[in-house]
Amino acid sequence: MMQWTKDPELQVQHLTMRFGGLTAIGDLSFDAGRKQITALIGPNGAGKTTVFNCITGFYKPSEGMIKLRHPDGKEFLLERMDDFIITQKAKVARTFQNIRLFSGMTLLENLMVAQHNTLMRASGFTIGGIFGSGHFKRAENEAIEKCKYWLDKVNLTERADDAAGDLPYGAQRRLEIARAMCTNPRLLCLDEPAAGLNPRESDELNKLLLSIRDDHNMAILLIEHDMSVVMGISDHIVVLDYGRKIADGTPNEIKNDPAVIRAYLGVEEDENEVAIGNVKVADLVNEGLTVHADVSTRTMPKISAAPKKPVAKKAAAKKAAAKKGGRK
Amino acid sequence: MEYFLQQLINGLTLGSIYGLIAIGYTMVYGIIGMINFAHGDVFMVGSMVSFIVLLALGVTGGSGAFMIIFALALVVVIAMLIASVYNWTIERVAYRPLRGSFRLAPLISAIGMSIVLQEFVRIAQEGRPKPMQPLISGGYELMHRTVAEGGEFTVKISNMQIMIIVSTLILMTVFTMLIQRTALGRAQRACEQDTKMASLLGINVDRTISITFILGACLAAFAGLMFLLYYNVTDFFIGFLAGIKAFTAAVLGGIGSIPGAMLGGLVIGMIEVMWSAYFSVEYKDVAAFTVLVMVLIFMPQGLLGKPEVEKI
Chain A
745 MMQWTKDPEL
755 QVQHLTMRFG
765 GLTAIGDLSF
775 DAGRKQITAL
785 IGPNGAGKTT
795 VFNCITGFYK
805 PSEGMIKLRH
815 PDGKEFLLER
825 MDDFIITQKA
835 KVARTFQNIR
845 LFSGMTLLEN
855 LMVAQHNTLM
865 RASGFTIGGI
875 FGSGHFKRAE
885 NEAIEKCKYW
895 LDKVNLTERA
905 DDAAGDLPYG
915 AQRRLEIARA
925 MCTNPRLLCL
935 DEPAAGLNPR
945 ESDELNKLLL
955 SIRDDHNMAI
965 LLIEHDMSVV
975 MGISDHIVVL
985 DYGRKIADGT
995 PNEIKNDPAV
1005 IRAYLGVEED
1015 ENEVAIGNVK
1025 VADLVNEGLT
1035 VHADVSTRTM
1045 PKISAAPKKP
1055 VAKKAAAKKA
1065 AAKKGGRK
Chain B
381 MEYFLQQLIN
391 GLTLGSIYGL
401 IAIGYTMVYG
411 IIGMINFAHG
421 DVFMVGSMVS
431 FIVLLALGVT
441 GGSGAFMIIF
451 ALALVVVIAM
461 LIASVYNWTI
471 ERVAYRPLRG
481 SFRLAPLISA
491 IGMSIVLQEF
501 VRIAQEGRPK
511 PMQPLISGGY
521 ELMHRTVAEG
531 GEFTVKISNM
541 QIMIIVSTLI
551 LMTVFTMLIQ
561 RTALGRAQRA
571 CEQDTKMASL
581 LGINVDRTIS
591 ITFILGACLA
601 AFAGLMFLLY
611 YNVTDFFIGF
621 LAGIKAFTAA
631 VLGGIGSIPG
641 AMLGGLVIGM
651 IEVMWSAYFS
661 VEYKDVAAFT
671 VLVMVLIFMP
681 QGLLGKPEVE
691 KI
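Just so you know, the sequences run in chain order A and B. In terms of my numbering, the first sequence is residues 745 to 1072. In terms of my numbering, the second sequence is residues 381 to 692.
Here it is in structure tokens:
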């Protein structure tokens, strides 16, 4: 029996997410072990981000259960909780594919915001904060210490007072992880943390994630396309394709799994047709433009019902570009 | 020169009041991206409540200084409390249910709430203006010009003006500290930038928005009291014009920027007073709103606002 089924931090059972008549995730069950890095992989549009959205309360799943088990025995059913309660009580933190820092605030402030609830309680809901009570001062100092620790950990100490938006891309990625860690999470969900990083940066990221797992006893759930990251650091890999789990195991098992190879490398046309029962509208939205390139390489039914947002944006951008070109 | 100095003082006083109201507009816009058109009427409610409480306490200009200060402190607290309850309720019943809907919906709802408040006060308190005995009198002569120097003229600053300017300064300092230094202020700025992300960091966004409305209402109620004491009159309609002027101030300073709202308020107050002093009193509103139009055309992001950058 694998470690993750013995003592899971997160149990996902029969999770199903439908958007109208389309099934983005179908009957997905997997466990994420304590102190383990669990990678969620799969081709574009497989439903990985939708799983994250269900775990962090962005979506209410159509069916299924998502249970988080703290080491002290407390259990939380995430599918019944609001998003901010999930962070506050169940202690789940998350990052996104695109960077969502508070770009106008300094690095330090970004990390302080993550400790909002502790500070609010300590400041007597702000009243003590205005009059500078000693209790609040102490809590604030502790919070700043924590910020310093994480800034140091991600090598950004000397830029603590710069606006987060001024950082280079790789540093912003690291800061996002630091901010997520400042919420004192039990489970850290990272959506493509290595996207857009150069090899050196992604190597640093690996070290950071391993240290978070080992030094802070964290369970990490990871969506990643960079196979060197996935194979290098994860203890457990779950492979999704078209919203269904096709494989689940250690990196070595996954590498040699025929179903995984088929999903990634593709198969003959006629065989592929079979797998097209469920189209993933949500992921078209979530994964934005990248998915469109992928859609064309795979045989997918026409998606007229898909939300128009990313497409419209693309079209508008094209239009603007055409206009610019025309003027020249 | 002396005449100009006098107008400067008057402008500063009026501008302080506008600035206090403008902060409410700008904060709400910053956090949920809508104009709370009922905010001017919350200011009116604040001034009306102040009037009623002062009447009930029975203090007049003749009461002792201690009595007046005590009464004013009580009035400030009550007016802020009641205005907060109003603004909080408005947000709860008229804006929150519409938050997910299209942008125009809460705006229309806001105009509706503005009319509701006005009519409610008009019916409950009668439509005629309510005059009051001056409560704070006296002042200082700053400069005196004799006939020989070019006409008799005295530059005066009244105690009332000093009180308005000083208390506004204090209030704005406290407020800036609140936004810059406390966890609450940080949460508010975080919500302003990315509501979804803020809630993922464990911030209760709904509560933060409610607190924003309450803070705005407190400042507006204080402005309402100052207005009442300065002009010694109030009625159910003062919220409309003052609200629109404060809104202009918020846009002028750069909507969404709190220092911008303070600066915008001062500028609008100054323009209005200077225009009345040197040109014509009748057209002072025209002058103020011309500025709004000019700003919208030539400087859409306002004096201290950040221009919106779109990445392609």
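Here a beta-carbon is modelled for each residue, glycine too, at the ideal position from N, C-alpha and C.
Query                                                                                                                                 : Result
Beta-carbon neighbours of N861 of chain A, restricted to chain B and to distances below 7 Å                                           : G582
Interface residues of chain B facing R838 of chain A [CB-CB closer than 8 Å]                                                          : L580
Cβ neighbour criterion (16 or more within 10 Å) applied to H879 of chain A                                                            : exposed
Ranges of the beta strand (DSSP E) found wholly within the region 773-816 of chain A, counting only runs of at least 3                : 781-785, 807-813
Neighbour list for F820 of chain A in chain B, Cβ cutoff strictly below 8 Å                                                           : Those do not exist, as F820 of chain A stays about 14 Å from chain B at its closest Cβ, beyond 8 Å.
L1009 of chain A, buried or exposed, once every other Cβ within 10 Å from all chains shown has been counted against 16                : exposed
Q755 of chain A beta carbon near the ligand SAM (any heavy atom closer than 8 Å)                                                      : The ligand SAM is not among the ligands present in this structure, which contains no ligands whatsoever.
Those residues which DSSP pairs with L932 of chain A across a bridge                                                                  : A:A837, A:I964
DSSP three-state assignment for Q755 of chain A, whether helix, strand or coil                                                        : strand
Within-9 Å CB hit, T793 of chain A to chain B                                                                                         : no
Interface positions of the region 550-571 of chain B facing chain A (Cβ-Cβ less than 9 Å), listed along the chain                     : V554, M557, L558, R561, T562, A563, L564, G565, R566, A567, R569, A570
Sheet register partners of I537 of chain B (DSSP bridge)                                                                              : B:Y520
Rounded separation between F619 of chain B and R882 of chain A - CA only                                                              : First, the amino acid is wrong: residue 619 of chain B is Gly here, not Phe. Going by the C-alpha atoms only, they are around 43 Å apart.
Cα-Cα separation between G531 of chain B and R525 of chain B, rounded to whole angstroms                                              : 7 Å
Where E532 of chain B sits in the DSSP three-state scheme                                                                             : coil
Paired residues, beta bridge with V425 of chain B - DSSP                                                                              : Answer by DSSP bridge pairing: none, since V425 of chain B is not bridged.
Buried or exposed by the 16-neighbour rule on C-beta atoms within 10 Å, applied to H419 of chain B                                    : buried
F617 of chain B (DSSP reduced to helix, strand or coil)                                                                               : coil
Backbone secondary structure at P509 of chain B - three-state DSSP                                                                    : coil
CB contact flag (I781 of chain A, L966 of chain A, <9 Å)                                                                              : yes
Member of B:G565, B:M493, B:L558 whose CA lies at the smallest distance from the CA of H860 of chain A                                : B:G565
Contact with chain A by M577 of chain B, beta-carbon distance below 9 Å                                                               : yes
Chain A contact for D665 of chain B (CB, 9 Å cutoff)                                                                                  : no
Sheet register partners of I769 of chain A (DSSP bridge)                                                                              : A:M761
Within chain D, partners of Q573 of chain B - CB distance below 8 Å                                                                   : Here chain D cannot be found, since the structure's protein chains are A and B.
Where the alpha helix (DSSP H) through L984 of chain A begins and ends                                                                : Note, L984 of chain A: premise wrong, no alpha helix (DSSP H); beta strand (DSSP E) at 980-985.
Inter-residue spacing [alpha-carbon to alpha-carbon] between I411 of chain B and G444 of chain B                                      : 44 Å
Below-9 Å beta-carbon distance, Q916 of chain A vs any chain B residue                                                                : no
When A:D827, A:S806, A:K835, A:P805 are compared against D816 of chain A, the one with the closest alpha-carbon                       : A:K835
Beta-carbon contacts of K890 of chain A that lie in its chain and below 8 Å, excluding the five residues immediately before and after : L855, Q859, C926
Neighbourhood of M809 of chain A by C-beta, 6 Å cutoff - its chain only, sequence neighbours within 5 removed                         : Q757
Chain-order list of residues whose beta-carbon lies under 7 Å from that of G770 of chain A (same chain, five-residue window excluded) : T760, G987, R988, N1022
Selection from B:L549, B:L478, B:A563 that minimises the alpha carbon distance to A866 of chain A                                     : B:A563
Closest residue to Y398 of chain B among B:L643, B:Y658, B:Y663 (Cα-Cα distance)                                                      : B:L643
Length at least 4, wholly inside the region 576-635 of chain B: the alpha helix (DSSP H) runs in chain order                          : 585-611, 618-633
C-beta neighbour in chain A for V457 of chain B, strict 9 Å                                                                           : no
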